[in-house]
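Participant: If you count the sequence shown from 1, you need to add 596 to reach the working numbering. Just so you know, even glycine gets a beta-carbon here, dropped at the ideal spot from N, CA and C.
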Amino acid sequence: MSCVVVLAAAMLALTGGLDGAMAAPPVHCAKADAQTGICLVEATSPGQDANADPVASGGNSGEGQPAGGDASSQDPCTYTLAQPQPPSTSVLWQGQSPADGAMYAKVCPRVDGSGLTTILEFVPNGSAPPAGPPVDPRVLAEQAIASLVMRAPEIRMAPPPGSGSGLVGLPVWMWTERGEQFVGPTRQSVSAGGVTVAAVGEVSRIVWDMGDGTTVVCGPGTPYSPGAEGESPDCGHVYAEASSRHVPGGGAWPITATSTWTVTWSGGGLSGTETLELSSSAELYVGELHVLNQDGSTP
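Below is the structure:
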């Protein structure tokens with residue numbers, strides 16, 4: 597059979613693979629975009645199988661093994677019918693034609709283990725491509741999870757952060773922007789080798805570190821409406837002390853909001869759960885209200 601290299605995709609597997617039970621402790625985002633807060637994760641491209649192990653398959657170079665080989669020399673590559681097929685006039689057919697057979701996308705592990713390479717291979721009518729290794733749903737789950745867009749909380753407060761209008765004893769409202777990228781649910785699915793895995797990510801809680809030693813656990817919170825009185829119905833805090841008394845230089849209370857994303861996946865007869873924590877920061881200056889007596893003195 598003739599084959600022609602048409603593309604090569606450098607693909608990296610996610611660190612921290614998914615184990616059998618898929619129940620892991622929360623992990624912090626290793627790298628996030630400084631401007632957007634989006635967690636940056638590298639993953640293989642959807643639809644391509646990354647579970648083949650070149651070492652386990654005997655160090656195969658990625659070009660496959662002749663049909664009829666024993667189990668120890670099983671072809672580590674996967675084959676998928678190319679969609680769409682090249683035009684009948686394309687040089688990729690190398691003298692063959694669509695009437696003679698079909699082109700398959702052949703995905704193989706690189707010999708150095710650095711990723712995968714993809715080629716087009718012609719399979720004549722009456723023949724079938726070699727049966728590759730079974731697709732591991734956990735590998736597809738890694739790809740689906742890496743494709744989810746999950747962002748750190750977009751902090752909203754009343755009084756607004758940085759406004760300098762916070763006062764001791766007055767309620768502070770906290771909430772985050774809505775939207776799939778901030779609270780979910782966000783969904784992705786990946787298919788390969790007849791197996792489809794779907795992943796859904798959703799924020800299960802947001803923990804606010806208010807800077808004064810207090811933490812508040814909330815959901816997305818309730819946006820403040822102008823004229824509303826009293827405390828937030830579900831996510832608020834009242835400072836008992838001015839920030840100037842504790843923050844060096846008379847500064848503001850440092851505030852951190854950390855969202856816990858819970859990602860569930862299922863497919864190929866397996867399922868699991870992963871968690872990811874993403875954080876955003878802000879500052880709120882909280883002052884004290886001093887009342888003057890009639891004689892102009894401060895009590």
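What is the DSSP secondary structure of glutamate 773, reduced to helix, strand or coil?
Facilitator: One-based indexing of the sequence shown puts residue 773 at position 177. Glutamate 773: coil per DSSP, three-state reduction.
Participant: If you measure from the CB of threonine 818, is any heavy atom of the ligand ZN nearer than 7 Å?
Facilitator: The ligand ZN is not part of the structure shown, which contains no ligands of any sort.
Participant: Take the Cβ of alanine 663 as the centre, count every other Cβ of all protein chains shown within 10 Å, and call the residue buried at 16 or more, exposed below.
Facilitator: The residue given as residue 663 occupies position 67 in the sequence shown. Residue placement at alanine 663 is poorly supported in this model, since its pLDDT is 35, which falls under 50; the coordinates are not used for a value here.
Participant: What is the DSSP secondary structure of valine 764, counted as helix, strand or coil?
Facilitator: Within the sequence shown, the letter at position 168 stands for residue 764. Of the three classes helix, strand and coil, the one that applies to valine 764 here is coil, per DSSP.
Participant: Going by C-alpha distance, which of Lys702, Glu837, Glu884 is nearest aspartate 808?
Facilitator: In the sequence shown, residue 808 corresponds to position 212, counting from 1. Answer by Cα proximity: Glu837.
Participant: Using a 10 Å radius around the Cβ and a threshold of 16 neighbouring Cβ atoms, would you call aspartate 732 buried or exposed?
Facilitator: Position 136 of the sequence shown holds residue 732. Buried: at least 16 other Cβ atoms inside 10 Å.
Participant: Would valine 859 and alanine 794 be called neighbours here (beta carbons separated by less than 8 Å)?
Facilitator: Translated into the one-based positions of the sequence shown, residue 859 becomes position 263. Translated into the one-based positions of the sequence shown, residue 794 becomes position 198. The answer is no: Cβ separation not under 8 Å.
Participant: Closer than 6 Å by C-beta to alanine 878: which residues in its own chain qualify, once you throw out the five before and the five after it? Chain order, please.
Facilitator: Indexing the sequence shown from 1 puts residue 878 at position 282. Only Ile751, Pro757, Ile851 meet the Cβ criterion.
Participant: Report the three-state DSSP secondary structure of valine 882 (helix, strand or coil).
Facilitator: Mapped onto the sequence shown, residue 882 falls at position 286. Valine 882: strand per DSSP, three-state reduction.
Participant: Could you pull the start and end residues of the alpha helix (DSSP H) that serine 743 belongs to?
Facilitator: The count along the sequence shown starts at 1 and reaches residue 743 at position 147. Taken as a continuous stretch (DSSP letters only), the alpha helix (DSSP H) holding serine 743 covers 733 to 743.
Participant: Should proline 749 be labelled buried (16 or more other beta-carbon atoms within 10 Å of its own) or exposed?
Facilitator: As a first step, residue 749 is located in the sequence shown; it is residue number 153 there, counting from the start. The residue is buried, with at least 16 neighbouring Cβ atoms inside 10 Å.
Participant: Using a 10 Å radius around the Cβ and a threshold of 16 neighbouring Cβ atoms, would you call glutamine 679 buried or exposed?
Facilitator: Sequence index remark: in the sequence shown, residue 679 carries index 83 (1-based). Looking at its Cβ environment, which holds fewer than 16 other Cβ atoms inside 10 Å, glutamine 679 is exposed.
Participant: Would you mind sorting valine 703 into buried or exposed? The rule is 16 or more other CB atoms within 10 Å of its CB.
Facilitator: For the purposes of this step, residue 703 is identified with residue 107 of the sequence shown, where counting begins at 1. Answer is buried; the Cβ neighbour count reaches 16.
Participant: Whose C-beta lies closer than 6 Å to the C-beta of leucine 885 among residues of the same chain, with five residues either side of it excluded?
Facilitator: Here residue 885 refers to the residue found at position 289 of the sequence shown. Excluding residues within five positions, the ones whose Cβ falls inside 6 Å are Leu763.
Participant: Any idea what DSSP makes of serine 693, helix, strand or coil?
Facilitator: Mapped onto the sequence shown, residue 693 falls at position 97. Three-state result, serine 693: coil.
Participant: Could you tell me the distance, in whole angstroms, from the CA atom of serine 840 to the CA atom of valine 735?
Facilitator: The sequence position of residue 840 within the sequence shown is 244, counting from 1. The sequence position of residue 735 within the sequence shown is 139, counting from 1. Approximately 51 Å, taken between the alpha carbons.
Participant: Using alpha carbons as the reference points, say which of Val813, Thr810, Val812, Asp830 lies closest to proline 819.
Facilitator: Translated into the one-based positions of the sequence shown, residue 819 becomes position 223. The option with the nearest alpha carbon to proline 819 is Asp830.
Participant: Is it buried or exposed, glutamate 738, if we count other Cβ atoms within 10 angstroms and call 16 or more buried?
Facilitator: Numbered from its first residue, the sequence shown carries residue 738 at position 142. By the 10 Å Cβ count, glutamate 738 comes out buried.
Participant: For glutamine 784, which residues does DSSP report across the bridge?
Facilitator: Walking along the sequence shown from the start, residue 784 turns up at place 188. The partner list for glutamine 784 (beta bridge, DSSP) reads Ala795.
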